[in-house]
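Those sequence lines, one after another, are chains C and S.
Read in order, the letters of the first sequence correspond to residues 212 to 296 in my numbering.
Read in order, the letters of the second sequence correspond to residues 59 to 426 in my numbering.
C-beta atoms are modelled at their ideal positions from N, C-alpha and C, and glycine is treated no differently.
On a predicted model such as this, the values are computed, not experimentally measured, just so you know.
Only one structure is covered here, and it is reproduced in the block below.
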Amino acid sequence: VPLTNSINSEENNETYAQRYLENFYGFVMDRIPKAKMGVNGNFMEDKIQEMQKFLGLKVTGKLDASTLDMMHMPRCGLPDVHHFS
Amino acid sequence: RMQGRPVWKKHLITYRINNYTPDMQPEDVDYAIQKAFQVWSNVTPLKFRKVNSGEADIMILFASRAHGDFSPFDGRGGIIAHAFGPGPGIGGDTHFDEAEIWTKTYKGTNLFLVAVHELGHSLGLGHSSDPKAIMFPTYSYVNPNTFHLSADDIQGIQSLYGGPGKHQLPSNTDGTESDNCDSNLSFDAVTTVGDKIFFFKDRFLWWRHPESPKNSVTLISSLWPTLPSGIQAAYEIGARNQVFLFKDDKYWLISNMRPQPHYPKNIHSLGFPDSVKKIDAAVFNPLLYKTYFFVDNQFWRYDEKTQFMDPGYPKLITKYFPGIRPTIDAVYYYNRHYYFFQGPDIFEYDVISHRITKRPKQNIMSGC
């Protein structure tokens, strides 16, 4: 049971993070061909890094605890960098 | 700044609160929004006017889930508000997620703090990566009484609109200004603050050095955005770098020019009876280390060491301050003298000999 919960939790975190990055960092999941999942993975890692850098977190490119905590904080609905110069 | 650098092309911007959250009293919503606008008007030439009908430049509303702008809210938590950059139609509009619990305190989501952020967007600011900036994208509570814009916020908004012009000062405001050369000028409160004397009148604040004819003027809200106008009494304990400001049954502590957390407090916590609703004037005597509070024709004495009212008070002003009329507008202590303000009259009163020593000319401000 703990193993299953853990897997579900990881999936949930990843889905949540994808949506967060789509909303606020211009991450576009749908446009990336499935055959290039490796590229997609890197692209998401880049976007996580972009988010971590912007919000002053440790830049790891991973969905670590502090990054997920930040993603779950209440926030403004405007993108952080996508629409701004 | 937002992409394309959208800004309002005019300096008088209207806003309308389209609907109210049931979480707060409407007057508290009005106050939070007005104060949030004031934060930005203090550092720019912008002025904001509330309208109650028709289309305003900035329309403010509370909404749940999908609300007609293709950016649905997501229930409690997550996204709590959003706003649109300057422009016609939906441009400049600010939306708050009704699913949040909106408050004027630290509980739930503080409307004032979120409004300052969203109105920053309404004026053309994007998100800041500085965690100290109000334009940082995530919400965290700070005491509204000590809140101030970060350098990043100010640099951002002033890069779009410039700094506050001289017209923000009394000479060109909306007609409620005081003429500092009016021979009948009276003050709401006067106190020393460090090496200066501060004179409070309506929403204005003058300051000058005691020995210098030069004075400066500003809005109280420019210096302390979260404090009200119409300060009624003020006194300083110089040795502690503390200034206390009073309005109605509340008082605030300013220390090193910054409003302190956990204020305002109720004046009754100082030991006043319930019948006292406001303080007319207050002055600290550093020789006795006691503070005199003047209320109508009476005064109380408060021991700043024990933090208790002295017994045997109130007493009649006219009996213990010979020559001083029953009600006092303002008073400050300087160089072993009290300076009492009663309407247009000023009395210099020696604290040792207990008598009036001088009646300075009313023209205490320069240029009068």
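Is residue i buried or exposed, if buried means 16 or more other CB atoms sit within 10 Å of its CB?
i: Met255/C; result: buried
i: Arg63/S; result: exposed
i: His326/S; result: exposed
i: Met315/S; result: exposed
i: Val353/S; result: buried
i: Phe366/S; result: exposed
i: Gly178/S; result: buried
i: Phe128/S; result: exposed
i: Asn238/S; result: The predicted model places Asn238/S with a pLDDT of 48, which falls under 50 and marks its position as unreliable, so this point remains unresolved.
i: Gly112/S; result: exposed
i: Arg286/C; result: buried
i: Glu261/C; result: buried
i: Gln61/S; result: exposed
i: Gly147/S; result: exposed
i: Gln263/C; result: buried
i: Glu85/S; result: exposed
Compute the beta-carbon to beta-carbon distance between residue i and residue j, rounded to the nearest angstrom, for a pair I have assumed lies under 8 Å.
i: Lys105/S; j: His153/S; result: Not confirmed; about 23 Å, so no contact.
i: Trp160/S; j: Leu169/S; result: 5 Å
i: Asp155/S; j: Phe194/S; result: That belief does not hold up - the Cβ atoms of Asp155/S and Phe194/S are roughly 18 Å apart, past 8 Å.
i: Glu362/S; j: Lys348/S; result: 6 Å
i: Tyr371/S; j: Arg383/S; result: The Cβ separation is near 19 Å, so there is no contact.
i: Asn273/S; j: Trp282/S; result: Asn273/S to Trp282/S, Cβ: 19 Å. No contact.
i: Gln216/S; j: Val101/S; result: 6 Å
i: Arg59/S; j: Leu207/S; result: 16 Å between Cβ atoms; not a contact.
Taking Cβ-Cβ distances shorter than 7 Å, what residues in chain S pair up with residue i?
i: Met262/C; result: Per Cβ cutoff of 7 Å: no residues; Met262/C is ~10 Å from chain S at best.
i: Gly267/C; result: Ser187, Pro189
Below 8 Å CB to CB, which residues in the same chain sit around residue i once its five sequence neighbours on both sides are set aside?
i: Pro380/S; result: His412, Arg413, Ile414
i: Asn234/C; result: Gly288, Pro290
i: Leu266/C; result: Met281, Asp291
i: Asp257/C; result: Gly272
What is the DSSP secondary structure of residue i, reduced to helix, strand or coil?
i: Phe205/S; result: coil
i: Asn253/C; result: helix
i: Trp98/S; result: helix
i: Arg230/C; result: helix
i: Ala388/S; result: strand
i: Tyr199/S; result: coil
i: Pro84/S; result: helix
i: Asp210/S; result: helix
i: Glu294/S; result: strand
i: Ile404/S; result: strand
i: Lys68/S; result: coil
i: His185/S; result: coil
i: Asn355/S; result: coil
i: Leu218/S; result: helix
i: Thr278/C; result: helix
i: Ala124/S; result: coil
i: Gln365/S; result: coil
i: Leu289/C; result: coil
i: Phe235/C; result: helix
i: Met60/S; result: strand
i: Ala157/S; result: coil
i: Gly233/S; result: Bear in mind that a pLDDT of 29 at Gly233/S, under 50, signals an unreliable position, so the number given afterwards is only what the model happens to contain. In the structure shown, Gly233/S sits in coil (DSSP, three-state: anything other than H, G, I, E or B).
i: Ile255/S; result: strand
i: Asn314/S; result: coil
Can you pull the chain S neighbours of residue i, defined as C-beta to C-beta under 8 Å?
i: Leu274/C; result: Under the 8 Å cutoff, chain S gives no residues; its nearest Cβ is about 17 Å from Leu274/C.
Which residues in the same chain as residue i place their Cβ atom closer than 6 Å to its Cβ, once the five residues preceding and following it in sequence are excluded?
i: Asp81/S; result: Ile159, Trp160
i: Asp115/S; result: Ile71, Thr72, Gly150
i: Asp274/C; result: Going by the sequence as given, residue 274/C is Leu instead of Asp. Cβ neighbours of Leu274/C beyond the five flanking positions: Asn224, Ala228.
i: Trp66/S; result: Pro144
i: Thr376/S; result: Pro384
Going along chain C, which residues have a C-beta under 7 Å from residue i?
i: His140/S; result: Cys287, Gly288, Leu289
i: Gly135/S; result: Pro285
Can you pull the chain C residues whose beta carbon is under 9 Å from the beta carbon of residue i, in chain order?
i: Thr196/S; result: Leu266, Met281, Met284, Pro285, Arg286, Cys287
Run down chain C in chain order and give the residues with a C-beta less than 8 Å from the C-beta of residue i.
i: Glu176/S; result: Cys287
i: His179/S; result: Cys287, Leu289
i: Ser122/S; result: Near Ser122/S there are no residues of chain C at all, since even the closest Cβ is about 13 Å away, more than 8 Å.
i: Ser129/S; result: Gly288
Does residue i have its Cβ less than 8 Å from a Cβ in chain B?
i: Thr167/S; result: No chain B is part of this structure, whose protein chains are labelled C and S.
To which residues of the same chain is residue i closer than 7 Å at the C-beta, ignoring the five residues directly before and after it?
i: Ser236/S; result: In this predicted model, Ser236/S has a pLDDT of only 38, less than 50, meaning its place in the structure is not dependable enough to derive any value.
i: Ala388/S; result: Phe245, Asp246, Ala247, Val248, Ala339, Phe399
i: Tyr396/S; result: Val341, Val389, Tyr407, Val409
i: Val48/S; result: Because chain S spans 59 through 426 in this model, residue 48/S falls outside it and cannot be assessed.
i: Leu212/S; result: Looking at the sequence shown, residue 212/S is not Leu but Ile. Hits under 7 Å: Val101.
i: Ile137/S; result: Phe131, Asp155
Closer than 7 Å: is that where the CB of residue i sits relative to any heavy atom of the ligand GTP?
i: Asp151/S; result: You won't find the ligand GTP in this model; it holds no ligand whatsoever.
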